[in-house]
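S.K.:
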Amino acid sequence: MAEPIMCPYCGGTNLFQEDDYGIELDYEYWSIHHWDCLDCSESFDKIEILPASNAFEESHESTIH
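Take the sequence shown: its letters are residues 176 to 240, numbered as in the numbering used here.
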């Protein structure tokens, strides 16, 4: 996942990433990345949605070799 280059609220670049978490649904895996802007104190999320089968394979890719 690419990091955000700026805050969507103020355009600031002083960003802090909180803990990520994921949710697996029937056919999708949602990876949720939470960011706080230290310039304006707003927070925002970036969400990646992957097919559930690919999410499992990518998360275990290093152990399959």
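Beta carbons: idealized from backbone N, C-alpha and C, even for Gly.
Would you call the CB atoms of H209 and E223 closer than 8 Å?
M.R.: Residue mapping note: residue 209 aligns to position 34 of the sequence shown, counting from 1. Residue mapping note: residue 223 aligns to position 48 of the sequence shown, counting from 1. It is not a contact, given that the beta carbons lie outside the stated cut-off.
S.K.: Hey, how far is the Cα of E203 from the Cα of E178?
M.R.: If you number the sequence shown from 1, residue 203 lands on position 28. If you number the sequence shown from 1, residue 178 lands on position 3. Roughly 22 Å separates the two Cα atoms.
S.K.: Taking the straight line between their C-alpha atoms, what separation do you get for S216 and P226?
M.R.: The residue given as residue 216 occupies position 41 in the sequence shown. The residue given as residue 226 occupies position 51 in the sequence shown. S216 and P226: Cα-Cα distance of roughly 33 Å.
S.K.: Going by DSSP, name the residue or residues bridged to I198.
M.R.: Walking along the sequence shown from the start, residue 198 turns up at place 23. W205.
S.K.: For I180 and D214, I'd like the C-alpha separation in whole angstroms.
M.R.: Looking up residue 180 in the sequence shown gives position 5. Looking up residue 214 in the sequence shown gives position 39. Computed Cα separation, rounded: 13 Å.
S.K.: Who are the near neighbours of D220 in its chain, counting only those whose CB is closer than 8 Å to its CB and skipping five residues on each side?
M.R.: Reading the sequence shown from its first residue, position 45 is the one you call residue 220. Answer for D220: I207, H208, H209 and W210, listed in chain order.
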